[in-house]
Amino acid sequence: MLDVGRECEDNELVKPYQTFKFCPSCGKAQPPIERPCFVCSACAHTYFFNPTIAAVGMVLNNEGKLLFIERAQEPAKGKLAFVGGFIDAGEIAELALEREIKEEVGLKVENVEYLASFPNTYLYKSINYPVLDFFFSATCSRTKALLDPNEVAGLHWLNPKDVRIDELAFESMKRALERWTQLNPTD
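Residue numbers for the sequence shown follow our numbering, beginning at 7 and rising by one.
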């Protein structure tokens, strides 16, 4: 059974709030921050280190196979992943998903429906950023793709039951595949 309340694992990598050395409002030097909320000792400016958000697609083709990409860059270069990316300010999650899929693999998806959300972390330039991944199911009738080589090293349409969970790039994707499998049991 999937533990929906389980949080992502923490590690010894640098967290975003540990990189603040100066107040972004008044510029005063600050002592090291040990919690995910910054309060300036001089001007009382408060900054909350909230997770960034991402939209991720579990795209099904007409043969009942899910779309997986092989990541072309770190983190998790060479691992399997669902197509997705960060949501821009002012953008709704469903449109962000459609944009990311078009940018990364050149496909248009339909029937986009919310599936689940899971916490994740994303290592970028030695900082481990907290992310909240919103997973959506979608369909795609066209399977011929145009890959962005900066993002995608390969594309695979796979039967979900044939994918080993340890092949997936991120913990949130492992949990999403577990959820997908629970909601879409096979014989």
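Positions of the beta carbon are idealized from the N, C-alpha and C atoms, including for glycine.
As the structure is a computational prediction, the values presented were derived from the model and not from experiment.
Here I59 is near F140, since their CB atoms are less than 9 angstroms apart. Of the residues assessed, I98 falls on the exposed side of the cut-off, its CB having fewer than 16 other CB atoms within 10 angstroms.
Taking K167 as the centre and dropping the five residues before and after it, the same chain places the C-beta of T192 closer than 6 angstroms to its C-beta, in chain order. When secondary structure is reduced to three states using DSSP, L138 falls in the strand class.
In this structure the segment 91 to 105 does not lie against the segment 181 to 192, because fewer than three pairs of beta carbons, one per stretch, are closer than 8 angstroms. Taking the C-beta atoms as reference points, A175 is found nearer than 9 angstroms to R77. CA-to-CA, the gap between L113 and E157 works out to about 14 angstroms. Annotation for A61: the continuous beta strand (DSSP E) segment containing it runs 58 to 66.
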